[in-house]
Amino acid sequence: NQYQDEDSGVLLYHNPETRETEILIDEHRRNQSAVQTLVMRLLGEHARSSTRFVSRSVLQNCRQAQVRQAASNEPGLSLKDMADVSQRQAEVLGYFQTARQIGSSDIHVTTSPGLTRIEMRVHGDLVTVAELGEQDGESLAATIILSMCDVTEVQFFPMR
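When you line the sequence shown up against this note's numbering, it's residues 1006 to 1165, in that order.
Have a look at this one:
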């Protein structure tokens, strides 16, 4: 994985303390074009990630900790699990991350003609966190139902 390469100067890191995804950048290599190119690519793929400039030793320690965590049988997602998600699935996972950050108990996706509203319940009140166009909303809902839930029937029933 290019993001794990010790010589890249960049690490896509899931911080176990904050439970946030960060892009760690070697502070002494931040001006190198290869590092900047990789950072821009990661920001495009992981728009909700924050960036942090760190020393080479911190970068190495985080890389080693991440490898140990991925090798262990600890529950939860690892970066390996995230390698094969579509852009739409990543968007859904981003909403879950936002819900966790704001202390939401549940997420509502309400589709209506022309508009889809993403709402999260915080302290008993529904708070709108995003509004999408009709097609984007339907695509988001279809992604959740068809590729992120295990609710499909094993048999096909015509006329149903």
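Virtual Cβ for every residue (Gly too), placed ideally from N, Cα, C.
Coarse secondary structure for residue i, derived from DSSP in three states
i, result
"residue 1020", "strand"
"residue 1032", "coil"
"residue 1109", "coil"
"residue 1117", "strand"
"residue 1025", "strand"
Burial state of residue i, where buried means 16 or more other Cβ atoms lie within 10 Å
i, result
"residue 1097", "buried"
"residue 1013", "buried"
"residue 984", "In the structure displayed, the chain extends from 1006 to 1165; residue 984 sits before or after that span and is not available."
"residue 1154", "exposed"
"residue 1069", "exposed"
"residue 1106", "exposed"
"residue 1110", "exposed"
"residue 1037", "exposed"
"residue 1047", "buried"
"residue 1130", "exposed"
"residue 1043", "buried"
Beta-carbon proximity of residue i to residue j, cut-off 8 angstroms
i, j, result
"residue 1063", "residue 1040", "no"
"residue 1054", "residue 1023", "no"
"residue 1057", "residue 1017", "no"
"residue 1143", "residue 1133", "no"
"residue 1115", "residue 1126", "no"
"residue 1145", "residue 1073", "no"
"residue 1139", "residue 1118", "yes"
Inter-residue CB distance, residue i and residue j (contact presumed, cutoff 8 angstroms)
i, j, result
"residue 1061", "residue 1033", "7 angstroms"
heavy atom of the ligand ZN below 7 angstroms from residue i C-beta
i, result
"residue 1121", "As presented, the structure is devoid of all ligands, the ligand ZN included, so that no description of it is given."
| message | For a minimum of 4 consecutive residues, which ranges assigned as the alpha helix (DSSP H) are wholly contained in the region 1046-1077? | response | 1061-1076
| query | Hey, which unbroken runs of the alpha helix (DSSP H) at 4 residues or more fall wholly within the region 1125-1153? | reply | Fully enclosed alpha helix (DSSP H) runs of 4 or longer: 1139-1152.
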